Amino acid sequence: MSDASKEWPLWEVFLRGKGGLSHRHVGSVHAADAKMAVEHARDTYTRRMEGVSLWVLPSAAITASDPGDAAALFEPAEDKVYRHPTFYKIPDGITHI
Amino acid sequence: MDAIATYALRLGDDSLILGQRLGEWCGHAPALEVDLSLANVALDQVGQATHFLALAGEIEGKGRDGDKLAFHRDVMDFTNCLLVEQPNGDFAQTIARQFLFSHYQELLFAALMASKDARFAAIAAKAVKEVTYHATLASDWVVRLGDGTEESRARMVEGLEWMWRFADELFAMDDVDAAAFAAGVGVDKAALREPWDQRIDAVLADATLERPAARRPVLGGRSGRHSEHLGHLLSDMQFLQRAYPGATW
Amino acid sequence: MHTTDMSGNKKAEAVAEDPAKVAAFERRVANDEFIEPKDWMPEAYRRTLVRQMSQHAHSEIVGMLPEGNWISRAPSLRRKAILLAKVQDEAGHGLYLYSAAETLGTSRDEMTEALLSGKAKYSTIFNYPTLTWADIGAIGWLVDGAAIMNQVPLQRTSYGPYARAMVRICKEESFHQRQGYEIMMHLAAGTEAQQRMAQDALNRWWWPSLMMFGPPDDKSPNTEQSMRWRIKRDTNDELRQKFVDITVPQAEAIGLTVPDPALKWNEARGAYDFGDVDWEEFYAVVKGEGPVAKERMQARVKAWDDGAWVRDAARVHAEKRAAAKLAAE
Chain X
1 MSDASKEWPL
11 WEVFLRGKGG
21 LSHRHVGSVH
31 AADAKMAVEH
41 ARDTYTRRME
51 GVSLWVLPSA
61 AITASDPGDA
71 AALFEPAEDK
81 VYRHPTFYKI
91 PDGITHI
Chain E
98 MDAIATYALR
108 LGDDSLILGQ
118 RLGEWCGHAP
128 ALEVDLSLAN
138 VALDQVGQAT
148 HFLALAGEIE
158 GKGRDGDKLA
168 FHRDVMDFTN
178 CLLVEQPNGD
188 FAQTIARQFL
198 FSHYQELLFA
208 ALMASKDARF
218 AAIAAKAVKE
228 VTYHATLASD
238 WVVRLGDGTE
248 ESRARMVEGL
258 EWMWRFADEL
268 FAMDDVDAAA
278 FAAGVGVDKA
288 ALREPWDQRI
298 DAVLADATLE
308 RPAARRPVLG
318 GRSGRHSEHL
328 GHLLSDMQFL
338 QRAYPGATW
Chain H
347 MHTTDMSGNK
357 KAEAVAEDPA
367 KVAAFERRVA
377 NDEFIEPKDW
387 MPEAYRRTLV
397 RQMSQHAHSE
407 IVGMLPEGNW
417 ISRAPSLRRK
427 AILLAKVQDE
437 AGHGLYLYSA
447 AETLGTSRDE
457 MTEALLSGKA
467 KYSTIFNYPT
477 LTWADIGAIG
487 WLVDGAAIMN
497 QVPLQRTSYG
507 PYARAMVRIC
517 KEESFHQRQG
527 YEIMMHLAAG
537 TEAQQRMAQD
547 ALNRWWWPSL
557 MMFGPPDDKS
567 PNTEQSMRWR
577 IKRDTNDELR
587 QKFVDITVPQ
597 AEAIGLTVPD
607 PALKWNEARG
617 AYDFGDVDWE
627 EFYAVVKGEG
637 PVAKERMQAR
647 VKAWDDGAWV
657 RDAARVHAEK
667 RAAAKLAAE
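If you're matching them up, the sequences are chains X, E and H in order. Per our numbering, the very first residue in the first sequence carries number 1; after that it's consecutive. Per our numbering, the very first residue in the second sequence carries number 98; after that it's consecutive. Per our numbering, the very first residue in the third sequence carries number 347; after that it's consecutive.
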């Protein structure tokens, strides 16, 4: 009945909710080509005025970080508190800073 | 009904019958995503029908609303073109119908936006965006099927063959159309033929398909002379309203 | 719409897995953390999830058929648009759920094949026929009502893609139940014939709706594990009771009678006592003996088979155009 290679490829769908916002991942669709993927994304993910712009890209084109590396990748940022404005104590009377 | 009311009725009937046909696909399309696409087109058509039929009833002024018009007329009083009542057939036949009709509708509504009657212009301005997408969607499928496999090509050719005899009716101008045009309300549909031909030919060329040979047009939908298919469609669509007279839903 | 896991499957057998990984996984889940596609997970968790999500997706897709049966006969333009939009939503929900399941490495085609070959289950409720327009009201009110009760807690399920799909689904479904109740309300206040239609639909859909929550807790072998894994968040019987308690007053409010002579408010429990579900019928329907099970499967198989040439054509066309583009560069 079906063999996996005959299936339309999977595309990831990114939607801009409204002008000024960035595109956000909302889901995926199957489509034979990029144009169809945009049409399918439109027909699936914007039926309730959810957005004003779409991106689609082949799921196979995504490279993700390895969850096993998460500690090495993300935890070193934890102690860099000086990157956050709240790290610095400024007297109450000083404004515009 | 006077010419202007009839004009609105025709626009409404076209959308209603096509929406009804497309609704038959729901749950049975070739892929899940395509099911969603077809339902979107159907919903747009039902929405257009709702607006135009309400307008027809309003202009007529005899208290008939959109539902009264949709569910309480028989075949001979329906004024849709023959193209939209054609059966879905296979997916290629459905796409052929959509392709020919949506390009017509897009040109028609673009022109109707300039109607002197603000009510027509407003509906057209909203609907033109919908049908522009329908035309693109259908054209893309014509290209995919035409330039796809041997089987899809044969089916696409067959679908176009089935629908082609009903294309001329889209552009025919009878007394109602002429009166609506003269009043500045309606559109000169005959003038849409050339741009329509160009659009159709461009897509067919991309699909590596030949335009079907010219043939004797089948006409009559506007004056209530329909195919046998419409009666069955109506008996389905109008069943509840007919079986339970006086009930509201 | 929704199905609970009704396959009555055996307890997933233990596979040799690193106990430290299993313990870490169990800890994360117990802390209500989300598990994402590439995270390590026990094989049984993966299998259970794929089964549950694909069953859920199949239910959405098969669930389009009983309601789709009335799109062409909807009695007004407004009702037609609403029903079409609703059934289309079910297609969308099936799509979201298949996508979520695909993140675990099972393709949609594989899941579809499992459905069409009869290997996969879907909600038993869709193997009952829609005979009158009131059935469209009853399905929205009762079946979607039961589904929502199942689905709301799943927005916090442990598997991220599943939880996100459920958030979207719950948001979209919020109108489904209301439109169903509105239909029933209208019929119940209508002509005598319409009232009869509404009561008849409630009579036929009430018990199958109660069955939607799955077998009683003592016959639901996976409940404990699924609850620990946050794949399920309430037991079948808890949800069923909640459904009865919420729905009975809704029926009374519009003058309809719930078809259960044993139904009685229990002051001490603060809940309704209700009669026994016919579990023999339930298991028969699960096994494919529902009144229109054959018609449902026939329709799905036909759509899939009839669509094969379309799917092939689009794929071949895309390959052709990609090759031509490459040659032109």
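Using N, Cα and C, we set each Cβ at its ideal position, and we do this for glycine too. Just so you know, these numbers come straight off a predicted model, no measurement behind them.
- In terms of beta-carbon proximity, V647(H) stays away from the interface with chain E, with every pair separated by 7 Å or more.
- Just measuring C-alpha positions, the residue of G17(X), P91(X), Y82(X) and P85(X) sitting nearest M49(X) is G17(X).
- Judged by DSSP secondary structure, W55(X) falls within the beta strand (DSSP E) whose first and last residues are S53 to P58.
- From the beta-carbon of R661(H), the residues of chain X found nearer than 8 Å are K6, W8 and A32.
- Using a 10 angstroms sphere on the CB of Y82(X), the tally of other CB atoms stays under 16, which defines it as exposed.
- Listed along chain X are G27, each with a C-beta nearer than 7 Å to that of Y442(H).
- Taking C-beta atoms as the reference points, G283(E) and Y104(E) count as a pair closer than 7 Å.
- Across the set Q596(H), E641(H), R502(H) and Q398(H), the C-alpha of Q398(H) shows the shortest separation from the C-alpha of M457(H).
- The beta carbon of P67(X) falls within 7 Å of a beta carbon belonging to chain H, placing the residue at that interface.
- The C-alpha of A660(H) is placed about 13 Å away from the C-alpha of E130(E).
- Along the segment 409-438 of chain H, the positions whose C-beta sits under 7 Å from a C-beta of chain E are M410, L411, G414, I417, S418, R419, P421, S422, L423, R425, K426, A427, L430, A431, V433, Q434, A437 and G438, read in chain order.
- Taking the beta carbon of G653(H) as reference, the chain E residues within 9 Å of it are H125, A126, P127, A128, V131 and F188, listed in sequence order.
- Around the beta carbon of T63(X), fewer than 16 other beta carbons sit within 10 angstroms, so the residue counts as exposed.
- Under a 10 Å Cβ-count criterion, K89(X) is classified as exposed, with fewer than 16 other Cβ atoms of the shown protein chains found around its own Cβ.
- With its beta carbon at least 7 Å from every one in chain E, D92(X) lies outside the interface.
- In the three-state reduction of the DSSP assignment, R313(E) falls in the coil class, being assigned neither a helical nor a strand state.
- For H323(E), the three-state secondary structure derived from DSSP is coil.
- Scanning the segment 468-537 of chain H from its first residue to its last, the whole alpha helix (DSSP H) runs of 4-plus residues come out as 479-484, 490-500 and 506-534.
- Going by C-alpha positions, Q183(E) is about 8 Å away from M260(E).
- Residues of chain E with a Cβ closer than 9 Å to the Cβ of K666(H) are, in chain order, D244 and G245.
- Apart from the 5 residues on each side of it in sequence, V375(H) sits with its Cβ closer than 8 Å to the Cβ of I381, S504, R574, W575 and R576 in its chain, given in chain order.
- DSSP, reduced to helix, strand and coil, places L21(X) outside both helices and strands of the structure shown, so it counts as coil.
- For T537(H), the neighbours in chain E by C-beta distance under 8 Å run, in chain order, Y341, G343 and A344.
- In its chain, beyond the 5 residues on either side, Q587 and D591 have a beta carbon closer than 7 Å to the beta carbon of A617(H).
- In the structure shown, G414(H) falls within a helical segment according to DSSP collapsed to helix, strand and coil.
- Chain X has a Cβ within less than 7 Å of the Cβ of K384(H).
- Burial is judged here by how many other beta carbons sit within 10 angstroms of a residue's own beta carbon; A366(H) has fewer than 16 and is exposed.
- The three-state reading of DSSP puts W259(E) in helix, counting H, G and I together.
- Within a 10 Å sphere around the beta-carbon of A493(H) sit 16 or more other beta-carbons, which makes this residue buried.
- Remark: C-beta atoms of F198(E) and D110(E) do not approach each other more closely than 7 Å.
- Residue range K610 to N612 is occupied by the beta strand (DSSP E) that includes W611(H).
- Sorting E627(H), A668(H) and S400(H) by C-alpha distance to the C-alpha of R454(H) places S400(H) at the top.
- Interface residue (Cβ-Cβ distance to chain H less than 7 Å): A193(E) is not classified as such.
- Positions of the alpha helix (DSSP H) runs, each at least 4 residues long and wholly inside the segment 62-93 of chain X, are given as 70-74 in order along the chain.
- Separation of L609(H) and N473(H) (C-alpha to C-alpha, rounded to the nearest whole angstrom) is 26 Å.
- By the CB criterion at 7 Å, V489(H) and Q501(H) fall outside the cutoff.
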